[in-house]
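For reference, the structure is listed below as structure tokens.
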Amino acid sequence: MGTQDADPGRPDGGVAGGAGAAGGAGAAGGDGGDYRAGFACLVGRPNAGKSTLTNALVGQKVAITSSKPQTTRHTIRGVATTPTAQVILVDTPGLHKPRTLLGERLNDLVRETLLEVDVIGFCLPSDQRIGPGDTFIANELTELRSVRRRPVVAIATKADAVDRERLAEHLIAIDQLGSWDAIIPCSAVSGEQVEQVRDLLASFLPRSPQLYPDGVLTDEPEMVMIAELVREAALEGVRDELPHSLAVVVEEMVPREGRPEGRPLLDVRVNVFVERSSQKAIVIGRGGSRLREVGTNARRGIEALLGQKVFLDLHVKVAKDWQRDPKQLQRLGF
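Once you know that position 296 of the sequence shown is 296 in the UniProt record's numbering, the rest is easy, because the numbers rise by one and skip nothing.
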């Protein structure tokens, strides 16, 4: 997986529009002309399929997915490059009515991102009725458009999970929910209409050379990606309350000394934080069985990311009520 730490522009501050691209344009980007490049943000209530769609649009895993809601804690950029456009996807936490300081900070993160991108994709899962959460986000987007005009594409995700009649009903409900620049159904799992979603988002981007070189799929630092892979593995198969209470910090990444030439090994030390001792027991499992499973699954993803063998040293620690503690939130990277 290609990674790049340099930030060529928005939405975290810096270059606007698409001018002044860093890294130079790749072969497809040429000298600009009719080429389009810019930032697209996927929003939606928790578990609306935003991360899965990001990965499908990029063509490789750059955002963690889980059957549990609220898994995304950072804005993760995926870069989808075609001969005619480059769409830089910003995957955000789900907008929701916050119950903790962490929830408030995640919502602020989404709003700040929405003000900086070129187009917004509003994800509404086809297998669920339009609910209060969708209405809350629709109202937020309407307010945003009154402050700063941004095109919004309504995306009916998970279209493979329903029949045609139910999908048609869902599309009508989306149309009645607000005023959108376009509405399109897709399935990130089956791949149905994923390319059409990418091209539709690209049509709203400014004319610009490529912002990233060919081959770059994300600009997330490796340590952030590793932490996300560990958190994804830890979230699988646990109780519903745990995703909100689990944070991961990569403490150290160092090459193992004395390894044979051509067989490097990277030692990665990771701390998994929970809020209560009972949650620690859940993550570790009986006799450490679950933690070993988490380590095995996470290591596979990390080795695929880094392209080398890894020794993953996992530790589970209790940081009492960290979601409500400003000092602990800062220490954990929020």
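For glycine and all other residues, C-beta sits at the position ideal for the given N, C-alpha and C.
Residue from the options with nearest C-alpha to residue i
i	options	result
tyrosine 35	Val224, Pro209, Leu235	Pro209
isoleucine 282	Val318, Glu261, Arg269	Val318
valine 248	Glu257, Val230, Glu169, Val152	Val230
glycine 191	Leu167, Thr142, Leu57, Trp322	Leu57
valine 79	Gly262, Gly285, Leu201	Leu201
valine 119	Leu171, Leu167, Val224, Val197	Val197
proline 255	Arg324, Lys309, Gln60	Lys309
aspartate 313	Ser278, Arg269, Gln279	Arg269
valine 204	Ile88, Asn139, Ser187	The residue asked about is misnamed: residue 204 is phenylalanine in this sequence, not valine. Checking every option, the nearest Cα to that of phenylalanine 204 belongs to Ile88.
isoleucine 130	Glu116, Arg166, Leu114	Arg166
glutamate 143	Ala168, Arg164, Leu217, Arg111	Arg111
arginine 299	Arg324, Glu257, Glu228, Arg276	Glu228
asparagine 139	Val117, Leu211, Gly178	Gly178
Close-in-space but distant-in-sequence residues of the same chain around residue i (CB under 8 angstroms, 5 per side omitted)
i	result
glycine 307	none
leucine 291	Val283, Ile284, Gly285, Leu314, Val316
tryptophan 180	Phe122, Val152, Val153, Ala154, Ile174
glycine 49	Cys123, Pro125, Thr157, Lys158, Ala188
Per-residue burial, residue i [other beta carbons within 10 Å of its own, 16 or more giving buried]
i	result
glycine 38	buried
glycine 287	exposed
phenylalanine 311	exposed
glycine 24	Because glycine 24 carries a pLDDT of 33, less than 50, the predicted location of this residue cannot be relied on, and the following value inherits that uncertainty. Label assigned to glycine 24: exposed.
asparagine 47	buried
proline 185	buried
leucine 115	exposed
arginine 263	exposed
alanine 304	exposed
proline 213	buried
glutamate 257	exposed
Inter-residue spacing [alpha-carbon to alpha-carbon] between residue i and residue j
i	j	result
arginine 149	threonine 54	23 angstroms
glutamate 236	arginine 259	33 angstroms
leucine 266	proline 125	40 angstroms
tryptophan 322	alanine 159	37 angstroms
valine 274	threonine 81	38 angstroms
residue 340	isoleucine 172	The chain is shown only over 1 to 334; residue 340 falls outside these bounds and no answer can be derived.
residue 394	valine 272	The question about residue 394 has no answer, for the chain in this structure spans 1 to 334.
threonine 296	valine 43	31 angstroms
serine 278	histidine 315	15 angstroms
isoleucine 226	isoleucine 302	6 angstroms
valine 147	valine 90	21 angstroms
glutamine 60	serine 51	11 angstroms
serine 245	lysine 327	16 angstroms
alanine 188	glutamine 86	19 angstroms
threonine 113	arginine 77	12 angstroms
leucine 193	aspartate 199	The displayed chain sequence assigns glutamine, not leucine, to residue 193. If you take the alpha carbons of glutamine 193 and aspartate 199, they lie about 10 angstroms apart.
leucine 217	alanine 168	34 angstroms
valine 117	leucine 211	14 angstroms
arginine 324	arginine 276	13 angstroms
proline 83	serine 289	48 angstroms
glutamate 195	lysine 280	42 angstroms
glycine 33	arginine 164	40 angstroms
Where the alpha helix (DSSP H) containing residue i begins and where it ends
i	result
threonine 135	132–147
aspartate 199	194–203
glycine 295	289–306
valine 119	Run containing valine 119: none in the alpha helix (DSSP H); it sits in the beta strand (DSSP E), 119–125.
asparagine 55	50–58
serine 277	277–284
glutamate 232	222–235
Residue i: first and last residue of the uninterrupted beta strand (DSSP E) it sits in
i	result
asparagine 271	265–274
leucine 171	From DSSP, leucine 171 is part of no beta strand (DSSP E) but of the alpha helix (DSSP H) over 164–177.
alanine 154	152–157
glycine 38	36–43
glutamate 251	247–255
alanine 182	182–185
residue 363	The chain is shown from 1 up to 334; residue 363 falls before or after that span and cannot be answered.
Same chain, Cβ closer than 7 angstroms to residue i, five either side skipped, listed in chain order
i	result
aspartate 127	Lys158, Ala161, Val162
methionine 223	Val250, Met253
aspartate 175	Ile183
glutamate 261	none
Contacting residues, own chain, Cβ-Cβ under 6 angstroms from residue i (five flanking each side not counted)
i	result
residue 335	For the chain, the structure presents residues 1 to 334; residue 335 sits outside this window and is missing.
leucine 141	Val152
valine 294	Ala233, Ala234
arginine 145	none
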